Every structure is written in structure tokens, then in C-alpha cells.
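Chemist: My questions all concern the structure below.
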Amino acid sequence: MNRIGFGLLGSAGAATLLLMALPTAALAQAKPGDRVVLVPHRAVYDLMLDDGKPAKNIEAARGRIAFDFTGDACEGYALSFRQVTQLTSEGGPRTIDARTTSFEAGDGQSYRFKTESSASGAPTEVVDGTAKKSGADGYEVKLTAPKAETHREAGDALFPNAQMKALILAARAGQNTFSVRLYDGANSGKEVYDTLSVIGKHIETPPSEAPLRRPEFEKLTRWPVTVSYYKVGSGEVTPAYSISFELYENGVTGAVRMDYGSFALRGTLTRLDLLPHQDCAK
């Protein structure tokens, strides 16, 4: 799952690396047998407050994530994502509702996105735009909301699905850490994140979540992964957000934990539907 849970970190959220980087070019140079195939699927995660982390000013939390991922590396990947979270504090309950739709080209060279978010009846905030790479010269972002503007980034960054593929390749290669700069339209649509992934050894025990205990997943490798997000240029040594999950080599994730700093949520996969898809050689 890409940037699961970013609805709590700003108007478009912040909700997915500098030690052993896998260059972007490595994706194009990967051998056919090494290519990553992200499977189209729908998933539902139920959210609860993580009692294992002391929460500041949060007494209770619950919510749900609905995740719909379709497409392939030939036609591109479409994502529909919604997270609704109810937080209870001394000031009473508040509900945060974040919805995102996006489309990323199969070659990872262009990305369009729209995020709508609101908190407890406040006016909906919208971030809508596109990003397109321009060779070795970085990429250009064109926003239509919250206002029309264009800006360029001189440095390279991966878009979300390219990041996921690169992370899976790093896990297959036995890397313990993986780093890449990510652009996913978060917050104002202008922010970029350095992400640091810590990858554990592949998991041999059966999955704890019932939807994953099915024949299609028995032969798939999965790894425990924690991804931390650092806003580029902030100078912060503490991540703005981190997410832990069990990552399957087809891109499906389970056993999710989202750490927002002052509190954390656990997400339990309660439904998983694998969707039909066309074979793609890329």
C-alpha cells in the first residue's frame, strides 16, 4: 500500500532513503525474471489506537481505510483511497475524512492526483495536480487546486508505485535498508519526502490476518518493512510519519501500523479482493 494513512498529516496528508539506495535506473535494468508485478486488488483495513505507544491528548481512535488499486505496468496504475478516522480527546471527538484518487503511468514518468480532506465538518480542502518527469532534469508539477500554479524540482524523485516496485526489488536483493526521494502530491502538492525503509528478513510464519490465509499467497515472499518519511529541507531528524507493515512481493500489505508521532494506529486487514488483470510484459 502506498502512503497508507496520510489523511491525518495535513490537507493532503503525509501519509510512503539514504543508506543503500537503489537508483531509479535499476528499475529499467532489472532482468525479466526480477520484474515486480503489482497485483490489482481491493482491501479494507479496520483502524484502532495502538495501545503499545503512549498517546498524547488522544484517548481513543477508530476508523477504516478502503483501498482500490487497478491497472498494470503497460496501461498504468489507478488508485482510489479513503481513510476515515475518529479521534477522541479531552476536547471531544473529531472525524477526519481523506479521499485520494491518482493515476501513475506504467513507466513511472508521470503522475496525476487529487485529494479531498475535511475535519469535523470544516470546509473540504482540495489538492489537485499532475507531475511529469523531464529526463535528468527533475520533474514539473502543475497544480489546479488549491490554486493554479506550476513549479519545478531540479532533483529526481520516484512516484508512489515506482517506489513500491523499487522497495520490493531491494527486499528481494536482501538489502536491510533502502532510500529514495518520493513525490506523491502530499499536503500542498509542493512537498517532497526523503524516505528511509528498514527491511527485515522474509517472514516464514503464517499471516495473522484471515484474508491473507489463502492459496494465492502461500508461495509469495513477504518481509517486515518500516518506512519513515522526512520532509525535504525541514532539517528534522525525527520523521514526520512512519508506517510499518508486512509487504508481499505482489504489493499487497498486511499488519499495518501507522505512527504519527504523538500517537499510532494499527490497521487490520479485514477484506481482500484480488481483481482480474491483463498480462503485461513490462
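Using the working numbering, read the sequence shown as starting at 2 and increasing by one per residue.
Every residue gets a Cβ at the ideal spot worked out from N, C-alpha and C, and that includes glycine.
Remember, predicted model here, so these are calculated numbers, not experimental data.
Tell me whether Leu-28 sits in a helix, a strand or coil according to DSSP, three-state version.
Modeler: Low confidence applies to Leu-28: its pLDDT is 41, below 50, so where it sits in the model is not reliable, and the reading given next is rough at best. In the structure shown, Leu-28 sits in a helix (DSSP, three-state: H, G or I).
Chemist: What does the alpha-carbon distance come out to for the pair Ser-245 and Arg-267?
Modeler: 9 Å
Chemist: Hey, would you say Tyr-46 sits closer than 8 Å to Val-228, going by beta carbons?
Modeler: no
Chemist: For Ala-155, does the count of other Cβ atoms within 10 angstroms reach 16, so buried, or fall short, so exposed?
Modeler: exposed
Chemist: Buried or exposed: which applies to Asp-274, given that a residue is buried once 16 or more other Cβ atoms fall within 10 Å of its Cβ?
Modeler: Under this definition Asp-274 is an exposed residue.
Chemist: Is it true that the CB of Ile-59 sits closer than 8 Å to the CB of Ser-263?
Modeler: Going by C-beta atoms, Ser-263 is nearer than 8 Å to Ile-59.
Chemist: Answer yes or no: do Asp-130 and Thr-145 have a C-beta to C-beta separation smaller than 8 Å?
Modeler: For the sequence presented, residue 130 should be read as Gly rather than Asp. In contact: Gly-130 and Thr-145 (Cβ atoms closer than 8 Å).
Chemist: Using only CA atoms, which one of Ala-106, Phe-104, Lys-57, Val-127 lies nearest to Glu-91?
Modeler: Lys-57
Chemist: Here's a check: name, in chain order, each residue in its chain whose Cβ is nearer than 6 Å to the Cβ of Thr-102, leaving out the five neighbours to either side.
Modeler: Ser-81, Lys-115
Chemist: So what does Phe-160 bridge to, in DSSP terms?
Modeler: For Phe-160, which the question treats as bridged, DSSP gives no partner whatsoever.
Chemist: Can you say whether Val-253 is buried or exposed, counting buried as having 16 or more other CB atoms within 10 angstroms of its CB?
Modeler: buried
Chemist: With DSSP as the reference, label Ile-59 as helix, strand or coil.
Modeler: coil
Chemist: Identify every run of the beta strand (DSSP E) within the segment 107-154, keeping only runs that are complete inside it and at least 3 residues long; order them along the chain.
Modeler: 111-120, 126-134, 140-146, 150-154
Chemist: Decide if Thr-196 is buried, meaning its Cβ has at least 16 other Cβ atoms within 10 Å, or exposed.
Modeler: buried
Chemist: Mind reading off the beta-carbon distance from Gly-255 to Pro-207? Whole number of angstroms is fine, and I expect it under 8 Å.
Modeler: About 11 Å; that fails the 8 Å criterion.
Chemist: With a 10 Å radius around its C-beta and 16 neighbouring C-beta atoms as the bar for buried, classify Thr-239 as buried or exposed.
Modeler: exposed
Chemist: Please determine, among Asp-51, Gly-64, Tyr-230, Arg-272, the residue with the shortest C-alpha to C-alpha distance to Arg-215.
Modeler: Arg-272
Chemist: What is the DSSP secondary structure of Ile-169, reduced to helix, strand or coil?
Modeler: Assigned with DSSP and collapsed to three states, Ile-169 falls in helix.
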